[in-house]
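Novice:
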Amino acid sequence: MTTLTRPVATAAPHPPERPAARRRPRLRLGDALVPVFAALAFLYLLVPIAYTVAFSFNDGGKTNLVWRGFTLDAWRNPCGAPQVCQAFVNSLQVGVVSTLLATALGTLLAIALVRFTFRGRTLANLLIFLPMSTPEVVLGAALLAQFLTVRVPLGFWTVVAAHVMFCVSFVVVTVKARVAGLDPALEEAGADLYGSPWQVFWRVTFPLLLPGIAAAALLAFSLSFDDFIVTNFTSGSFDTFPKFVYVSATRGIPPQANVIGSFMFVLALVLVLAVQVVGAARARRRRAA
Amino acid sequence: MSLLTGLGAGGAVTAAPTRRPPSRAYWWLLLPGLVYLALFFVVPVGALLGTSLYVPVPGGDVGQYQPAFAVGNYADALAQFWPQLVRSFVFAFLATVVTLVVGYPVAYAIAVRARGRPVLQGLLLVLVVAPFFTSFILRTIAWRQILADDGFVVASLQWLHLLPEGARLTATPFAVVCGLAYNFLPFMILPIYASLERLDPRLVEAGADLYASPMTTFRTVTFPLSLPGVVGGTLLVFIPASGDYVNSSLLGNNTNTAMIGQVVDARFFRLLDYPTAASLSVVLMLAILLLVAAYVRRAGTEELL
Numbered sequence: 001m002t003t004l005t006r007p008v009a010t011a012a013p014h015p016p017e018r019p020a021a022r023r024r025p026r027l028r029l030g031d032a033l034v035p036v037f038a039a040l041a042f043l044y045l046l047v048p049i050a051y052t053v054a055f056s057f058n059d060g061g062k063t064n065l066v067w068r069g070f071t072l073d074a075w076r077n078p079c080g081a082p083q084v085c086q087a088f089v090n091s092l093q094v095g096v097v098s099t100l101l102a103t104a105l106g107t108l109l110a111i112a113l114v115r116f117t118f119r120g121r122t123l124a125n126l127l128i129f130l131p132m133s134t135p136e137v138v139l140g141a142a143l144l145a146q147f148l149t150v151r152v153p154l155g156f157w158t159v160v161a162a163h164v165m166f167c168v169s170f171v172v173v174t175v176k177a178r179v180a181g182l183d184p185a186l187e188e189a190g191a192d193l194y195g196s197p198w199q200v201f202w203r204v205t206f207p208l209l210l211p212g213i214a215a216a217a218l219l220a221f222s223l224s225f226d227d228f229i230v231t232n233f234t235s236g237s238f239d240t241f242p243k244f245v246y247v248s249a250t251r252g253i254p255p256q257a258n259v260i261g262s263f264m265f266v267l268a269l270v271l272v273l274a275v276q277v278v279g280a281a282r283a284r285r286r287r288a289a
Numbered sequence: 001m002s003l004l005t006g007l008g009a010g011g012a013v014t015a016a017p018t019r020r021p022p023s024r025a026y027w028w029l030l031l032p033g034l035v036y037l038a039l040f041f042v043v044p045v046g047a048l049l050g051t052s053l054y055v056p057v058p059g060g061d062v063g064q065y066q067p068a069f070a071v072g073n074y075a076d077a078l079a080q081f082w083p084q085l086v087r088s089f090v091f092a093f094l095a096t097v098v099t100l101v102v103g104y105p106v107a108y109a110i111a112v113r114a115r116g117r118p119v120l121q122g123l124l125l126v127l128v129v130a131p132f133f134t135s136f137i138l139r140t141i142a143w144r145q146i147l148a149d150d151g152f153v154v155a156s157l158q159w160l161h162l163l164p165e166g167a168r169l170t171a172t173p174f175a176v177v178c179g180l181a182y183n184f185l186p187f188m189i190l191p192i193y194a195s196l197e198r199l200d201p202r203l204v205e206a207g208a209d210l211y212a213s214p215m216t217t218f219r220t221v222t223f224p225l226s227l228p229g230v231v232g233g234t235l236l237v238f239i240p241a242s243g244d245y246v247n248s249s250l251l252g253n254n255t256n257t258a259m260i261g262q263v264v265d266a267r268f269f270r271l272l273d274y275p276t277a278a279s280l281s282v283v284l285m286l287a288i289l290l291l292v293a294a295y296v297r298r299a300g301t302e303e304l305l
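Quick note, the sequences are listed as chains A and B, same order. Throughout the first sequence, residue numbering follows UniProt numbering, covering 1 to 289 in sequence. Throughout the second sequence, residue numbering follows UniProt numbering, covering 1 to 305 in sequence.
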């Protein structure tokens, strides 16, 4: 088994090493301009995050509009503002359920679309592409029109149904790339070694697709967790975190919302950096071996 | 289990002496997802079309409608709200241009300049996706407060006489376009990065070997090869930006920044005017589909599907 895993791991679609890339060209004006410009763009991207984190430490009372001094109050009592924690927990629940469903449906679709040619494939591709090329406000309005027509009470499940719908397409696109890079010979080898199709899937296909599936699941979760427009149309009185923040924007957002925003930011950053470090270490070990 | 036989893509399983008819396994892979999309995308769009043709129940309460075939709803909705519709597309277009101008150099810096330094590349990519980790509404509100009339930025710009006395940054079309561009910038950077990352550096070297200036090499080699990323990025920015109403309602005012999404939202929830909201949604969807189809054809990358 161990002899099998190594070639399998290296067969993953990594771009070939390009020693030529290390050669540095002469210094030109453009050489300096690009990094400076990129640094400014990063500033543009990160300033509002810094602001959000800074104001989670503000002693600003309920409205949190002007800086009134440093305090840890909101961090000590993140559920201090009414409903903010409930909205956060709701968002987490919606995110987890939608991610699981969308990832399962999307992965199956991706495998079928890459591995099989069949009549109606173009139609299937179109059906997957359309939700991505429809603005959220239309998706939300369409679902609301549907829910109103069949008189479904709005709440947790209508929000999940909507989130799964717009996440599936993104999962398909993400996993498809991974399936396309997968050498069918590996699965054939599994079958040659008398693996049942079930065994071949769980021991060969699934582990090789896992990075793609994990990336798709992360994408689906972040899309669901951060969604406002579709949620606003399909949730009725059910509150999610973005909806809570939007609604309270008119009278001032409690610093607890900034605490939760900052907490999620740090958590995600740590997770992503951990994955990066592990990946880099594994790559180094592989090169050493 | 038979649904997995096809996974070997016609490998040893089907090549065995007991050759079975071509596998129909893909149906079982396709069915759940396609049925789901039919139920929660196709059917709702149908309901939207139906609702757009409803008429009020005669003598009924506000918000009560009955099925009809009132095509005139579309004419009424367009006659009243065409400025918001046009403005949505103009704002979305401007935001797309801004993200392209700002995002391309970032993608280039990460993919080409940082090539061969995986740690730096990883770190920069994390910074690009970092905004996804905080709620975009919190970030949009942060912009509103950073650019507020009594804020530091406005005061500094006025002190430097770059902004006339009494002028403001929030509640302007400028703020809305910047907010849209800010929110969708990562969607532009990532596809362009993916294209540039795959670019073989030897092609650029070949350009230099043939005595092309760096600018010429960029124009004739690098940029055309990154075009799939540019096309993908512009679509990923333009489509959601044209339907967005978070930026226009948080960073705009109610007179000259209202976008079509705001109208749809208000018609649906505050005025219970479902037919108008639905017909505006249908128009928005069709307009975007036409624009996207024309654009994709023009750009010649139909492999997007």
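For glycine and all other residues, C-beta sits at the position ideal for the given N, C-alpha and C.
1. Any beta-carbon of chain B closer than 9 Å to the one on A:Arg285?
2. Just reading off the alpha helix (DSSP H) that A:Trp202 is part of, what are its end residues?
3. When you compare only the Cα positions, how much space is there between B:Gly59 and B:Leu272?
4. Less than 8 Å between the CB atoms is what I'm expecting for B:Ala181 and B:Thr99, so what's the real figure, rounded?
5. Using only CA atoms, which one of B:Val263, B:Phe238, B:Ala38 lies nearest to B:Leu291?
6. For A:Val204, which residues in the same chain have their Cβ closer than 6 Å to its Cβ, ignoring the five residues on either side in sequence?
7. Looking only at DSSP bridge pairs, what is B:Gln262 linked to?
8. Could you say which of A:Asp31, A:Leu209, A:Val66 lies nearest to B:Gly151 if we only look at CA atoms?
9. Check whether the segment 244 to 255 of chain B and the segment 220 to 228 of chain B are in contact - that is, three or more C-beta pairs closer than 8 Å.
10. What residues of chain B sit near A:Phe241, judged by a beta carbon separation below 8 Å?
11. Please list, in chain order, the residues of the segment 27 to 60 of chain B that have any C-beta partner in chain A closer than 7 Å.
12. Can a CB atom of chain B be found closer than 9 Å to the CB of A:Ile213?
13. Going by DSSP, which residues form a beta bridge with A:Val259?
14. If we call anything under 9 Å between Cβ atoms a contact, is A:Val230 one with A:Phe166?
15. Residues of the segment 80 to 98 of chain A with a CB closer than 8 Å to any CB of chain B: list them in chain order, please.
16. Along chain A, in chain order, which residues have C-beta atoms closer than 7 Å to that of B:Gly232?
17. With a threshold of 9 Å between beta-carbons, can A:Thr149 be considered close to chain B, or not?
18. Applying the criterion that 16 or more other CB atoms from any shown protein chain within 10 Å of the CB defines a buried residue, is residue 291 of chain A buried or exposed?
19. Using the beta-carbon of each residue, which ones in chain B are nearer than 9 Å to A:Ser256?
20. Using the Cβ count rule (16 or more neighbours within 10 Å means buried), how would you classify B:Ala206?
21. Let me know the secondary structure DSSP gives A:Phe118 once reduced to three states.
22. Counting beta carbon pairs with one atom in the segment 33 to 53 of chain B and one in the segment 138 to 150 of chain A, are three or more of them shorter than 8 Å?
23. Looking only at C-alpha atoms, which of A:Pro48, A:Val47, A:Gly69 sits nearest to A:Phe57?
24. Give the DSSP-derived three-state secondary structure of A:Arg22 in the structure shown.
25. If we count the other Cβ atoms within 10 Å of its Cβ and call it buried at 16 or more, is B:His161 buried or exposed?
26. Quick one: what's got a C-beta closer than 7 Å to B:Leu48's C-beta in the same chain, skipping five residues either side?
27. Roughly how many angstroms lie between the CA atoms of A:Asp239 and B:Glu197, to the nearest whole one?
28. Would you list the one or two residues that DSSP bridges to B:Gln66?
29. Any contact of the segment 174 to 181 of chain A with the segment 102 to 114 of chain A, i.e. 3+ C-beta pairs under 8 Å?
30. For a contact defined as C-beta to C-beta under 9 Å, what are the partners of B:Trp143 on chain A?
31. Could you give the first and the last residue of the continuous alpha helix (DSSP H) run that contains B:Thr140?
32. Suppose you measure from the CA of A:Pro135 to the CA of B:Phe40; what does that come to, to the nearest Å?
33. For B:Ser248, verify whether its CB is less than 8 Å away from any heavy atom of the ligand FAD.
Specialist: Looking at the coordinates:
1. On the first sequence, residue 285 of chain A is found 285 positions in, with the first residue counted as 1. Taking Cβ atoms only, chain B never reaches closer than 9 Å to A:Arg285, which makes this a no.
2. Mapped onto the first sequence, residue 202 of chain A falls at position 202. If you look at A:Trp202, you'll find it isn't in any alpha helix (DSSP H); DSSP assigns it neither H nor E.
3. Residue numbering aside, residue 59 of chain B sits at position 59 when the second sequence is read from its first letter. Residue numbering aside, residue 272 of chain B sits at position 272 when the second sequence is read from its first letter. Those two C-alpha atoms are separated by around 16 Å.
4. Residue numbering aside, residue 181 of chain B sits at position 181 when the second sequence is read from its first letter. Residue numbering aside, residue 99 of chain B sits at position 99 when the second sequence is read from its first letter. Sure, about 5 Å apart at Cβ, within 8 Å.
5. Taking the first residue of the second sequence as 1, we reach residue 291 of chain B at position 291. It is B:Phe238 whose Cα lies nearest to the Cα of B:Leu291.
6. For the purposes of this step, residue 204 of chain A is identified with residue 204 of the first sequence, where counting begins at 1. Sequence-distant partners of A:Val204 (beyond 5 residues in either direction) whose C-beta falls short of 6 Å from its own C-beta, in its chain, are Leu186, Glu187, Gly190.
7. In the second sequence, counting from the first residue as 1, residue 262 of chain B sits at position 262. Looking at the DSSP assignment, B:Gln262 forms no beta bridge with any residue, so it has no partner.
8. Here residue 151 of chain B refers to the residue found at position 151 when the second sequence is read from its first residue. The option with the nearest alpha carbon to B:Gly151 is A:Val66.
9. Segments in contact, no.
10. For the purposes of this step, residue 241 of chain A is taken as the residue at position 241 of the first sequence. Within chain B, the residues near A:Phe241 are Ser135.
11. Leu29, Leu30, Pro32, Gly33, Leu34, Tyr36, Leu37, Phe40, Phe41, Val43, Pro44, Val45, Ala47, Leu48, Thr51
12. For the purposes of this step, residue 213 of chain A is identified with residue 213 of the first sequence, where counting begins at 1. For A:Ile213, the answer is no, since every Cβ of chain B falls outside 9 Å of its Cβ.
13. In the first sequence, residue 259 of chain A corresponds to position 259, counting from 1. Partner(s): none; A:Val259 has no beta bridge.
14. Here residue 230 of chain A corresponds to residue number 230 of the first sequence, with the count starting at 1. Here residue 166 of chain A corresponds to residue number 166 of the first sequence, with the count starting at 1. Yes, these two residues count as a Cβ contact at 9 Å.
15. none
16. Residue numbering aside, residue 232 of chain B sits at position 232 when the second sequence is read from its first letter. Contact note: B:Gly232 does not reach chain A at a C-beta cutoff of 7 Å; the least C-beta distance is about 10 Å.
17. Within the first sequence, residue 149 of chain A is the residue found at index 149, counting from 1. Yes, because at least one Cβ of chain B sits closer than 9 Å to the Cβ of A:Thr149.
18. There is no way to answer for residue 291 of chain A, as the model of chain A reaches only from 1 to 289.
19. For the purposes of this step, residue 256 of chain A is taken as the residue at position 256 of the first sequence. According to the sequence as given, residue 256 of chain A is Gln; it is not Ser. At a C-beta separation below 9 Å, A:Gln256 has no neighbours in chain B, since its nearest C-beta there lies roughly 12 Å away.
20. Looking up residue 206 of chain B in the second sequence gives position 206. B:Ala206 comes out exposed.
21. Counted from its first residue, the first sequence places residue 118 of chain A at position 118. Collapsing the DSSP output to three states places A:Phe118 in coil.
22. yes
23. In the first sequence, counting from the first residue as 1, residue 57 of chain A sits at position 57. Answer by Cα proximity: A:Gly69.
24. Translated into positions along the first sequence, residue 22 of chain A becomes position 22. Since pLDDT at A:Arg22 reaches only 47, below the 50 mark, its modelled position is unreliable, and no value is offered.
25. In the second sequence, counting from the first residue as 1, residue 161 of chain B sits at position 161. So B:His161 counts as exposed.
26. Here residue 48 of chain B corresponds to residue number 48 of the second sequence, with the count starting at 1. Excluding positions up to five away in sequence, the list reads Ala278, Ser281, Val282.
27. As a working note, residue 239 of chain A is residue 239 in the first sequence. As a working note, residue 197 of chain B is residue 197 in the second sequence. Spanning the two alpha carbons is a distance of roughly 41 Å.
28. Translated into the one-based positions of the second sequence, residue 66 of chain B becomes position 66. Per DSSP, B:Val55.
29. yes
30. The sequence position of residue 143 of chain B within the second sequence is 143, counting from 1. Taking the beta carbon of B:Trp143 as reference, the chain A residues within 9 Å of it are Val47, Pro48, Tyr51, listed in sequence order.
31. On the second sequence, residue 140 of chain B is found 140 positions in, with the first residue counted as 1. Per DSSP, B:Thr140 belongs to the alpha helix (DSSP H) from 136 to 146.
32. As a first step, residue 135 of chain A must be located in the first sequence, where it is residue number 135. As a first step, residue 40 of chain B must be located in the second sequence, where it is residue number 40. Straight-line Cα distance between these residues: approximately 15 Å.
33. Absence of the ligand FAD from the depicted structure is noted, as is the absence of any ligand whatsoever, leaving it without description.
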